[in-house]
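Colleague: Residue numbers (my numbering): 20 to 134. In this text, a Cβ means the ideal position worked out from N, Cα and C, and glycines have one as well.
Given below as structure tokens:
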């Protein structure tokens, strides 16, 4: 049982509806999506590319919402506000540090459920 995402496994099991193969595929898809979010967000920050960040944020928004990664969703919304209002300065860097910690935890939690 996760302290960070206590309902995650239950949500995956509900969606899989007893289909173990689908559960594994769904969990892997969530994992891969989070890894892509981590990678593309880092690239966007490093390249100061607001469009790249926006694209990955929009791509993963349904998954984050459906599986209640609320801390990541809130963090991404804060980042959007910071980047749009202040650009890629100190506040964006501090936001990215916070995002990095949260996404690492999310990836670890999903990885734990993959098998």
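Would you mind working out which of 131, 59, 24 and 49 sits nearest residue 119, comparing C-alpha positions?
Modeller: Looking at the Cα atoms, 59 is the closest of the given residues.
Colleague: Taking only runs of the beta strand (DSSP E) that begin and end inside the region 57-127, which ones reach a length of at least 3 residues, in chain order?
Modeller: Correct list: empty.
Colleague: Of the choices 50, 105 and 38, whose alpha-carbon is the least far from that of residue 82?
Modeller: Nearest of 50, 105 and 38 to residue 82, Cα basis: 50.
Colleague: Does DSSP classify residue 37 as helix, strand or coil?
Modeller: Coil, per DSSP.
Colleague: With residue 7 and residue 57 assumed to form a contact (beta carbons below 8 Å), what rounded beta-carbon distance in angstroms separates them?
Modeller: No answer is possible for residue 7: the residues shown for the chain start at 20 and end at 134.
Colleague: Going straight from the alpha carbon of residue 128 to that of residue 77, what length do you get?
Modeller: If you take the alpha carbons of residue 128 and residue 77, they lie about 22 Å apart.
Colleague: Determine the burial state of residue 41: buried for a count of at least 16 other Cβ atoms within 10 Å of its Cβ, exposed for fewer.
Modeller: Under this definition residue 41 is an exposed residue.
Colleague: Which same chain residues, not among the five before or five after residue 35, have their C-beta less than 7 Å away from its C-beta?
Modeller: For residue 35, where only same-chain residues beyond five positions count, the Cβ hits under 7 Å are 41, 42 and 45.
Colleague: Would you report the Cα separation of residue 73 and residue 63, rounded to the nearest angstrom?
Modeller: Taking the straight line from one Cα to the other gives about 9 Å.
Colleague: Go through its chain and collect everything with a Cβ distance to residue 79's Cβ below 6 Å, but skip five positions before and after it.
Modeller: Within the same chain, residue 79 has close Cβ partners 52 and 56.
Colleague: From residue 47 to residue 131, what does the alpha carbon distance come to, in whole angstroms?
Modeller: In a straight line, the C-alpha of residue 47 is about 11 Å away from that of residue 131.
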